[in-house]
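Listed below in structure tokens is the structure:
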């Protein structure tokens, strides 16, 4: 099994999802991030079943970068209880997995690029 993971995060708005995606990629906490949606979510919250429209972020990174990515997402996210889960990438093409490792390597340092307000 590889060290690469896909991290799933849901957000309330497209703007929030895009801002988080830009931040984690700019800071090299993820090699890439896709935003999809809207999606229909059904979940328990404060004793009731809730339904909401959300946006789903799918971010490719390494298990080693998960904690830093989580801290970044928490800094930018509006939810009190947010979904941040990492799913192992069991297999992938060697060049793609190497690209994820290379683009998220801590020694590359955080990019100084600006995350534009979307």
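Residue numbers (my numbering): 215 to 332. Note that CB positions come from ideal geometry on N, CA and C, so glycine has one too.
Candidates 273, 289, 294, 292: closest to residue 301 by CA position = On the chain shown, residue 301 is found 87 positions in, with the first residue counted as 1. Of the candidates 273, 289, 294, 292, 273 places its Cα closest to the Cα of residue 301.
Tell me, please, which residues DSSP counts as bridged to residue 256.
-> Along the chain shown, one-based indexing puts residue 256 at 42. 265, per the DSSP bridge assignment.
Taking the CB atoms as reference points, tell me whether residue 232 and residue 221 lie closer together than 8 Å.
-> Numbered from 1 along the chain shown, position 18 holds the residue referred to as residue 232. Numbered from 1 along the chain shown, position 7 holds the residue referred to as residue 221. Contact flag unset, no.
Do residue 218 and residue 311 come within 8 Å of each other at the CB atom, strictly closer than that value?
-> Here the question's residue 311 lines up with position 97 in the chain shown. Here the question's residue 218 lines up with position 4 in the chain shown. Annotated as proximal: residue 311 and residue 218, with beta-carbon spacing under 8 Å.
Run through DSSP, which three-state label would residue 299 get?
-> The residue you call residue 299 lines up with position 85 of the chain shown. In the structure shown, residue 299 sits in a strand (DSSP, three-state: E or B).
Is it a yes or a no for the stretch 255–262 touching the stretch 271–287, going by three-plus beta-carbon pairs under 8 Å?
-> Using a C-beta cut-off of 8 Å, the stretch 255–262 makes no contact with the stretch 271–287, since fewer than three inter-stretch Cβ pairs fall below that distance.
Report yes if the C-beta distance between residue 309 and residue 268 is below 8 Å; otherwise report no.
-> As a first step, residue 309 is located in the chain shown; it is residue number 95 there, counting from the start. As a first step, residue 268 is located in the chain shown; it is residue number 54 there, counting from the start. Their beta carbons are not under 8 Å apart, which means residue 309 does not touch residue 268 by this criterion.
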